[in-house]
Each structure stands twice: as C-alpha cells, then as structure tokens.
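Protein chains in written order, with our numbering: chain A, 1 to 100; chain B, 1001 to 1184; chain C, 2001 to 2710.
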Amino acid sequence: MLALLVVMLSLLVVIVLLAAPLYRSASEGQEERLDNRPEDQRVELEAQRVTKLNEIREAELDWRTGKLSEPDWKETDAKLRAEAAVILRELDAASAPKPA
Amino acid sequence: MSDLIPNGADLSIPIERSSTLRVSLRVAGVLQDAEAGFLVRGSDTLGGLMDPSRKRTIRLVVALVCALGFASVLVYTSFSAGSQAKTPTELIRSSVPGRSYQLTGKVVPGSIAHEKGGALLFKVRDRVGTASVPIVYTGQVPDPFRANREVIVTVRKGKSAFVGERDSLQTKCPSKFKAEKKGA
Amino acid sequence: MAVVGRALLFIALVTAVWGLAATVVGVRLGRQSLIQSGSRAMPVLAALLIAAFAVLEVAFLGDDFSFTVVATHSSTTTPVLYKAAAAWSSQEGSLLLWAMLLTVWSTIALRVVRGRLLEVTPIATAVLFALAAVFTGMTVLLANPFQTLAQVPLEGTGLNPLLRHASMMIHPPALYSGYTLFSIPFAFAIGALVTRRLGSDWLQVTRRFALGAWLALGLGILLGARWSYTELGWGGYWAWDAVENAALLPWLLGTAYLHSATIQEKRGMLKVWNVSLVLGAGVLSILGTFLVRSGILSSIHAFVEPGAALRWTFVALIAVELAVSVVLVISRRKQLRSEHRLDSLLSREAFFLAQNVLLVALMLIVMWGTFFPLISEAITGTKTSVGPPWFDRYVGPLALVIVALMGIGPLVAWRRSSWSQLGRSLLWPLLFAAVVGALLIGLVPDVRDDLAALVLFVCAALVAGTVAQEFARGTRARMAMSNENFAVALGHLVQRNRRRYGGYTVHLGFALLLCGVAASSSFQRVSEIPLKQGQSIEDGGYRFTYAKPTVEVTSERVSLGAEVLVSKDGKRVGMIDTSKGYYPANMTATVGDAFSGETETDVGLRAGPWRDLWIAIEPNTSRILPIAEQIDRRFKNLTPEARAVGIVGVARAYLRNPPPATFRILVSPLVTWIWAGGIVIAIGGLIAIWPARSPARKPAREAEIAPKSA
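Here it is in structure tokens:
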C-alpha cells in the first residue's frame, strides 16, 4: 500500500501548490491586475536599458570595424542615445517612491 | 536620476541630458521616421520616389520567376529520377527492364546463400503472403540482415533474378528484437 | 511501482490541463491569481514527469521485468549505462522523455522570462501547456510506459547491440532536447502574435532558447552521423534517410532565424520572416518527432509501428499548429510590416535575406525529397522515392553558395556598402583563399578533377580568412578604445560581443565541417574484396594486408575478426583490428545458436588529421558452422559450461583454418575535419549563448555630458 500512499501524497501536494494562489487572493479580498505593477515595469525598463547600452556599443564596434559608414553611425548613434534617454527618464519615474 | 552606465563598466556612454526639449524633439523625429515606413536619406530617394518601389517590384518578380523555374526543375527530376516502391507481388506483376524499383518486403528464411563470386542471393517476400522474388545483390550487407527481417533494396529486372543496386540494401533497425524460436 | 508511475502520469495530465485552463481563463478574466496558479503548474508538471521518468529508470536499472518495456528492451547482461539509455529506446519511454524535456525547458524559460513580456508570457505558457498535455495524454492513453506483464520473465530480450554505442546514449536526448527547445520560441511567437506585441522584445528574450535548440539539434545530428560512421558497416555518415532529414529541417530554419533575428533587432526588418521561421521550426520539430516515431516513411529508423490513434494525434497536432500559425501571421501582417526598406543589394540586410532564402530553399528541397514517396503516391498512385544522388545534386551547389555568403557577408556594411569598401575588406581573405587554392591545385592532384570540391575549399578558406580578419579588426578597434594589449583586448572583445564572435567561430567550424564533407565525398576510395590470410590489396596509396585472424569469446558474444597490417610506400603505418560480433539467438541453447542471433560490426578505424582508414570485415562462417552442428548433433542439452567449451572449440577451429574473409576498406580524406568542425561549432555556440554578466542595478546618479563625437 506504499504505492497508494505515495500517489495520494503527490496528489495532495499538487493540489495544495496549485490552489494556494487562489486562496491567497480570496483571503486578501482584492485582485491585482495583470499589468502596470511598478516592480514589473522596472524590471522591463532595466532590461531595455541594458539592451540599449549594448546596441550603442555594438554600433560603435560596427563603425570601427568598417560595417557602418561614419555618417550612418553618427545617425544611428544619435537615434539610439535619444531612445536611451527616453528609457532612462521612464526608469526614473518608475523608481520614484510612490505616494502612500 | 538613474544611470545608463553601471559601475565598473569600462566604457562610458554619455547621454545628452541637458536639454529635455531637444531630446524629445529628436525622439519625436526618430519615431516619425519609423512610422513613415521608409528611411529618407540623401537626395536619391527624394528625387525619384518611384525608383525604389519599382526596383523592389522588379526584384520581387525576378526572384519569383527564378524560384518557380527552380521548383519545376526540382519536381521534374524527382519524378524522373525516383525509383518506384513495389512489393514482391507488384514487382512480379509488372516491372520494366532497365527501371529501378525499391523493393520492400521480408527476407524468406532459408533463401540466403552466397555466390562464389561474392554476391549475396536471397528471396524477398510480401509482408503478408508468400509471393517472393529472387535477388542477386552485391555490396555492403547491413548487420541486422537476416531471415524474416524487413528489407528495402533497389533492384533492376535482370535475366533470372532481380539485380540489387550496389550498397542499396537496407534492413529495418528494430529498437528491440524478439528472441527467435528455432525453426521459424 | 508501475502503478505509481501510471498514477503520476494521470496527475501530470490533469496538471497540464489545469495549467492550460487556469492560464487561459486567467488572461480572459484578468485574474492574476489564476495566472499565477497556471504558471506554478509548469514546475509542478515538470516535477511529476521527472518523477514518472525516474520510476521508469529505476525499473530499467533494477531489471524489473514486470514492466513490459523493460522486458522487451533490456536484459540482465546489458551494461548499466545502456540500461539507462534503453528507457528511451522504446516508443513509450521516448514519448515520456519528450514530455519531460518540454516541461523542464519550459520551467526554465518561464523563470528566465519572469517579470518581462507580461502580456505575452501567459499565452506562451498556455501553448506550452497544450503541447505538454498532448504528449502526456499520449503516454496516458495511447502508449503507456508502465504496462505490466502478467507473467514476469526471468530475462529480458536485451537491447539491440547496434544501439550499444556511447553516441546512441546521447543522440536521442540531444535530438529531443532540440525539438522541445524549439517549442519555446514557437510558444512565445504565438503569444507575441496573439497579443500583437511584435517589437523585438519577444525575439530577444527567446533568442537564447532558439540558439540552445539549434545547438542541441545540431549535436544530435552530428552524433547520429558519427554513430553511423563508426558503428555501421557501410562507412558513411549521411544517407539522406527520412529521419535524418527530419532533424535537419527545423535546424535549417533555426539557422536562418538566428541570423535574421539580428536584422529585426537592428533595423526592424524581416519581421514576417522571423516569426514565420520560428513558427516553422516549431512545427517541423513536431513533424520530426512524428517521422521518427510513426514509420510513415520507410527508413532504417522505422521502429515498431504505432497504432493509428498515435499517428492521427500527431497529424492533428501538426495540422493545428500549422493552421494557427498561418492564420495568426496573416491576420497580424500590418504589425509585421518592416520599419525600414532594403536600401541596396550590397548591404548586410540583403545578404542576410539571401541567406534566409537559400536556407529555406534548402529546407524545401530536403522536405520535398523526404516526403516524395507520399507525394508521388498521392499524385500517381505509386510510391516513388529519390535517393542520395538526387539530394546531393541540389544540396551541393546551394551549400556552396551559402559558404561563399559566409565568407563575404560579415564584411558587408549595414544599409549600403560601396564596392570599394567591400573590396578593401575582402582583400586579405581573398588573397588567402587564392593562395590556398593555388596550393591545392599544385600539391593535391585529385583536386584538379573535381571543380566543385576545389571551389568549396577555396570558399572555406575565404571564410577562415574573413573570421581571422574580423577578430583582428575587432581587437584593434577595442585597443583603440581602451588601453589594453592584444590578448586582453581580444578576451574582452569576445566577452562583450559574445553573439558576434561566437557566431564567427561557428562559421569557422562550418567551413571545416563542409571541407570534411566535400573531401570525404569526392575523394573517398572504396574497396570490397575477399582476402586470404597473408593477401594484400593496395588502395588510396596504402597497402592493406590480412595479417592474422582473431577470435574473442565472452559470455555475451563470439567475435571473429582480423588484424590488418597497413603500410604506405613500404613503411609500416600500423595494425588495424576489425571484427564481427555474433550474439546468440537464445540465451540458453546450442552451440550453433551462438552464431544465429544479432550481429555487430566492430569497425577498425584509424583516424588521422588528413585521412581516415576504415575497415570492416565479413567473416566466412561456412567452415565452422558445420563443426558447431556436429557438436550439437552429438551432445544434446548442453550445460552452459559445456556449451562454452564447445563455442571456444569452434572459435579455435576458425583460428586454425581461417577461410578468406571479405573486407570493406575505405580511405576517406578529412573525415576528422567533420568532427573537429562540429566541436568548433559547439564552442562558438557556447560562447554565443553564454549569458553576459548583467550590470548591477545602481542607484540614481546624474550624468550630464555632451554626446560623444568621434
């Protein structure tokens, strides 16, 4: 009967794990919406910042190794930096402490 | 304000922050470019706006024609170079000398023999049924080859038997094999 | 224990269905708790499937023959490692492995993606749950790995000796990892299409998984090729077999995708291409799994034919995936419009596009040839198949053009390149290639007769030159930007641009691999000849002499073989051992039975940097079998010890009076370059996939500096 015990135990564990979020939200009484959570936004923006940084660096490497002509590079560089500025500004806004 | 450059990075990427207005204008300009759907640079595109799209259409048509031509060559050669798959019954019923066929079936037990000159003789029968075809084969014999195994061999009609194409013998590789009873 | 395994599968199926339902309903109603429950279900599902697989493995390792699959695929005498691998040699076990791998990779993917792509991820999760549910459902309803036998046999039938090879242990898991890993970008592509979030975010996040899938699949394919070369008696590594091709198809699309994804990130172009390539690779991965396991196309891989239900499940799954993909791409085509246009045919974008087209063309050619038996049956009524010559005729030239592109592409600038700029970049690599070409023509006479091979070698040299130049240029650029010496700059360069320089390394590996393929196809020497003891044959510049026969008797098998002396221009090169192993048909029977079971060729391989010497033997048993028959006629019901004595006696008789044996001898140039190229590709891939150290989050700080002017 060890087999039956193992099976029942597994089933119990699975049900508990999967139902926990539902109980938690029911007891807390409110339902958080999917998007617009500040922490998630920060994570997203942070990742975008890293990407932009890499893009800017890569563009410079492209120019230095002859894959991008100088006027093209200047244009791309300016555009990327502008986009980076936007991201930085949004990141600042997301990091600002929220009113209680 | 947060920083683009992490501590310890060896390359500093200065970002112009001094003028918010300039930045936002530039950003707006960049966005506008993208939305427009084409990049306006230099004078060549401004002068003849027909040219790029016309060039593109021509390129597309040329590419499609090439692709179609290539595809038809492909299809034609596959039909003419292919060898028809036949079971022993079908092979007995109709086979044209000179054409190659892919014979599939089971090796008849007791029919395997070695010719003096090194050729392998065996018979192939239908999966279900007894109609069988004699084969003379030269070339590499795969390890799993034995009586009652399923084989695929490319053959041509010969005088008394079907001649197997060199090295074309394949035996289906079973991932498990049953213990064969003696006398089967 | 089988009951536990089966129960775990049931619970797993329910979990998968719950995960799917909870995620879909949660998205529809906007209930975060449901979505959370759904995303939790993935690691839970993975754990359940791992547990079920563990139960199966324990049964194999413990020789539990009450399990049907254990009894039919393993035996007490199978070595431990192959017992473990036998779990996935069965239909049922391999489906369970597929489901398990899918859920493990999905769990990792969801963890990596955590916090990003918040709209796309739930849809992707739902797709992954759907796939997991289908495969788990197959193991529950159609192909139960935990079936038990009413009568437990004392011994299993054992693993086919052909599968007893180290490569064969890793080959199926590697291939399945590749197939399942492609499902992850597929799921995210579907998610991106459904939610219309079609920027490069989803690309960037799932790129690593696509690269991992590509690497795993490539590894699986190469391992299969190596197994074929070293284990099977024909000395080839690729036969354009249906199942081999099935693995190649998604791999080709994956290659195209990995390149054109860069274009979308940099220039917002080729969006339709990218999403189609990813979806295509996902569908083809399921198709590949289907071909391996269904036997609808005749192939040496065709295993036990599955029931119609299993076949139709696969067909339905492929059809649904295809239909959903096509509908989504067509309905989202507005969002998939390019942000920029192709400015010039002499641009990086154009080269990438050309490469995409060529790779897709290759894929379609291989697919056409592979499915031709079914297509011709549908059109003409008879199954017609095309052989390797047809494939080679089309794949060869296309591969050649792709190698040429590999050599020139990295040197072409973005947007538009000028001929002078390109010429300047190409100068040294072209010079190098020309020198190599001249050397080849001068020093290797065979090459003059095969123009195609010569062109390939020259193009490969071009690739090598380009790669070297790129590394040099990049290092010099970095040295100009910082104050490092060459070595340090090189290290940092690769570290900070892993994708690019990993990619260049992969190109180099490919050039090597294709050189090996070209040389071993065009310049291989094959002899098949019976030799008496002491006789020799000359081929490929070498002299092969049948020096002496060998026998070996173990509790598992009897092997008859030969030692072949190899010499070149009178000088001894070495001794190559080759033999053929005979497994008994029944574990407990007559002396003659020792030779009537499965056979296994032990290839004698002497690999070298410039050429391989490959020898297989087909011994003639016609003199010793009568002796075995005599013993069996005189002594019935032999004890195992007496039987062993009899077998040894027969083996000794072979040694005393060896008949001529037939040898198959191959002298193949540059085969080692194929495996070496594969290793270089793997290294390059690892460099590219290795996650960069993510910069730590820093508190706010002001930085007001003028924009950098060059």
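We put the beta carbon where it would ideally sit given N, CA and C, even for glycine.
Taking the continuous beta strand (DSSP E) assigned at B/L1120, which residues delimit it?
Here residue 1120 of chain B refers to the residue found at position 120 when the second sequence is read from its first residue. Where B/L1120 is concerned, the enclosing beta strand (DSSP E) stretches over L1120 to R1125.
Leaving out the 5 sequence neighbours to the left and right, which residues in its chain are closer than 6 Å to C/Q2335 when beta-carbon positions are compared?
Residue 2335 of chain C sits at position 335 when you count from the first residue of the third sequence. Answer for C/Q2335: R2196 and L2198, listed in chain order.
With respect to the alpha helix (DSSP H) encompassing C/M2479, which residues constitute its N-terminal and C-terminal limits?
The count along the third sequence starts at 1 and reaches residue 2479 of chain C at position 479. L2451 to M2481 is the span of the alpha helix (DSSP H), which, as asked, contains C/M2479.
Figure out for me which residue from C/L2310, C/P2373 and C/V2386 has the closest Cα to the Cα of C/L2297.
Mapped onto the third sequence, residue 2297 of chain C falls at position 297. Ranking the options by Cα distance to C/L2297, first place goes to C/P2373.
For B/L1039, three-class secondary structure by DSSP:
Position 39 of the second sequence, counted from the first residue, corresponds to residue 1039 of chain B. Low confidence applies to B/L1039: its pLDDT is 34, below 50, so where it sits in the model is not reliable, and the reading given next is rough at best. Coil at B/L1039, not helix or strand.
Anything in chain C within Cβ reach of A/R24, meaning under 8 Å, just list it in chain order.
Stepping through the first sequence from its first residue, residue 24 of chain A is reached at position 24. Chain C residues near A/R24: S2033.
Quick check for students: name the residue ranges of the alpha helix (DSSP H) that lie wholly in the segment 1069-1144 of chain B, counting only runs of 4 or more.
1088-1093
Status (buried if at least 16 other CB within 10 Å, exposed otherwise) for C/N2274:
On the third sequence, position 274 is the one that residue 2274 of chain C refers to. With 16 or more other Cβ atoms inside 10 Å of its own Cβ, C/N2274 counts as buried.
Chain-ordered neighbours of A/R64 on chain C, where CB pairs are closer than 9 Å
Sequence index remark: in the first sequence, residue 64 of chain A carries index 64 (1-based). Under the 9 Å cutoff, chain C gives R2473, G2474, R2476, A2477, R2478, A2480 and M2481.
Cβ neighbour criterion (16 or more within 10 Å) applied to B/C1066
What you label residue 1066 of chain B is simply residue 66 of the second sequence in a count that begins at 1. Answer is exposed; the Cβ neighbour count stays below 16.
List, in order along the chain, the chain C residues whose C-beta lies closer than 7 Å to that of A/L68?
Your numbering for residue 68 of chain A matches position 68 in the first sequence. Residues of chain C passing the Cβ test: A2413 and W2414.
Backbone secondary structure at C/R2116 - three-state DSSP
Mapped onto the third sequence, residue 2116 of chain C falls at position 116. C/R2116: coil per DSSP, three-state reduction.
Local Cβ density within 10 Å of B/G1129, reported as buried at 16 or more and exposed below that:
Counted from its first residue, the second sequence places residue 1129 of chain B at position 129. Classification for B/G1129: exposed.
Of the choices C/Q2032, C/L2310, C/A2216 and C/M2042, whose alpha-carbon is the least far from that of C/L2141?
Residue 2141 of chain C sits at position 141 when you count from the first residue of the third sequence. If we check each option's Cα against that of C/L2141, C/L2310 comes out closest.
Identify the contact partners of A/A47 in chain C, using a Cβ-Cβ distance below 8 Å as the criterion.
Position 47 of the first sequence, counted from the start, is the residue given in the question as residue 47 of chain A. The answer, in chain order, is R2116.
In terms of alpha-carbon separation, which member of C/L2560, C/S2066 and C/L2193 lies closest to C/R2656?
Residue numbering aside, residue 2656 of chain C sits at position 656 when the third sequence is read from its first letter. For the set C/L2560, C/S2066 and C/L2193, the Cα lying nearest the Cα of C/R2656 is the one of C/L2560.
What are the boundary residues of the beta strand (DSSP E) that includes C/S2559?
Counting from 1 along the third sequence, the entry for residue 2559 of chain C is found at position 559. Note, C/S2559: beta strand (DSSP E), V2558 to K2568.
Return the CA-CA distance between C/G2437 and C/A2464, expressed in angstroms with no decimal places.
By one-based count along the third sequence, residue 2437 of chain C stands at place 437. By one-based count along the third sequence, residue 2464 of chain C stands at place 464. The straight-line gap from Cα to Cα measures roughly 13 Å.
I want to verify the contact list: residues of chain B whose CB lies under 7 Å from the CB of C/T2621, in sequence order.
By one-based count along the third sequence, residue 2621 of chain C stands at place 621. Under the 7 Å cutoff, chain B gives no residues; its nearest Cβ is about 10 Å from C/T2621.
Same chain, Cβ closer than 6 Å to C/E2339, five either side skipped, listed in chain order
For the purposes of this step, residue 2339 of chain C is identified with residue 339 of the third sequence, where counting begins at 1. For C/E2339, where only same-chain residues beyond five positions count, the Cβ hits under 6 Å are G2268.
Could you give the first and the last residue of the continuous beta strand (DSSP E) run that contains C/Y2542?
Locating residue 2542 of chain C in the third sequence gives position 542, where the first residue counts as 1. C/Y2542 -> beta strand (DSSP E) spans Y2542 to V2553.
Where C/S2522 and C/D2450 are concerned, what is the direct C-alpha to C-alpha distance, given to the nearest angstrom?
Taking the first residue of the third sequence as 1, we reach residue 2522 of chain C at position 522. Taking the first residue of the third sequence as 1, we reach residue 2450 of chain C at position 450. Their backbone Cα atoms lie some 7 Å apart in a straight line.
Does B/F1079 have its Cβ less than 8 Å from a Cβ in chain C?
For the purposes of this step, residue 1079 of chain B is identified with residue 79 of the second sequence, where counting begins at 1. With 8 Å as the cut-off, B/F1079 counts as an interface residue toward chain C.
Using the DSSP secondary-structure output, state which residues sit across from C/E2528 in a beta bridge.
On the third sequence, position 528 is the one that residue 2528 of chain C refers to. Beta-bridge pairing links C/E2528 to C/R2664.
Below 8 Å on C-beta distance, what does C/Y2394 contact in chain B?
On the third sequence, residue 2394 of chain C is found 394 positions in, with the first residue counted as 1. Neighbours of C/Y2394 on chain B, chain order: L1074.
Check this for me: beta carbons of C/L2249 and C/L2219, under 8 Å apart or not?
Numbered from its first residue, the third sequence carries residue 2249 of chain C at position 249. Numbered from its first residue, the third sequence carries residue 2219 of chain C at position 219. For C/L2249 and C/L2219, no; Cβs fall outside 8 Å.
Can you check which of these residues, C/A2007, C/D2446 and C/R2348, is closest to C/F2137 by C-alpha distance?
On the third sequence, residue 2137 of chain C is found 137 positions in, with the first residue counted as 1. The sequence shown places Gly at residue 2137 of chain C, rather than the Phe named in the question. Ranking the options by Cα distance to C/G2137, first place goes to C/A2007.
Distance CB(C/G2005)-CB(C/A2052) smaller than 8 Å
Residue numbering aside, residue 2005 of chain C sits at position 5 when the third sequence is read from its first letter. Residue numbering aside, residue 2052 of chain C sits at position 52 when the third sequence is read from its first letter. Yes; because the gap between Cβ atoms is below 8 Å, this pair is in contact.
With distance defined between alpha-carbon atoms, name the residue in C/S2331, C/D2064, C/E2057 and C/E2528 nearest to C/V2152.
Locating residue 2152 of chain C in the third sequence gives position 152, where the first residue counts as 1. Answer by Cα proximity: C/D2064.
Taking the alpha carbon of C/P2397 as the point to measure from, which residue in C/L2358, C/S2555, C/V2055 and C/I2035 has its own alpha carbon closest?
The residue labelled residue 2397 of chain C in the question sits at position 397 within the third sequence. It is C/L2358 whose Cα lies nearest to the Cα of C/P2397.
For A/L4, collect the residues of the same chain with a Cβ closer than 8 Å to its Cβ; drop the 5 residues on either side in sequence, then sort them by chain order.
As a working mapping, residue 4 of chain A is identified with position 4 in the first sequence. Closer than 8 Å at Cβ, skipping near neighbours: no residue.
Within 10 angstroms of its Cβ, does C/P2079 collect 16 or more other Cβ (buried), or is it exposed?
Translated into positions along the third sequence, residue 2079 of chain C becomes position 79. Burial state of C/P2079 is exposed, judged by a 10 Å Cβ sphere holding fewer than 16 other Cβ atoms.
Verify the CB distance criterion: does A/V43 have a CB-CB separation below 8 Å to chain C?
For the purposes of this step, residue 43 of chain A is taken as residue 43 along the first sequence, with counting starting at 1. Yes, because at least one Cβ of chain C sits closer than 8 Å to the Cβ of A/V43.
Does B/Q1102 pass the burial test, meaning 16 or more other C-beta atoms within 10 Å, or should it be called exposed?
For the purposes of this step, residue 1102 of chain B is identified with residue 102 of the second sequence, where counting begins at 1. Looking at its Cβ environment, which holds 16 or more other Cβ atoms inside 10 Å, B/Q1102 is buried.
Can you pull the chain A residues whose beta carbon is under 8 Å from the beta carbon of C/R2348, in chain order?
Counted from its first residue, the third sequence places residue 2348 of chain C at position 348. Residues of chain A passing the Cβ test: K67.
If we cut at 8 Å on Cβ distances, does B/P1108 have a partner in chain C?
Along the second sequence, one-based indexing puts residue 1108 of chain B at 108. Sequence check: residue 1108 of chain B is Val here, not Pro. So no, B/V1108 is outside the interface.
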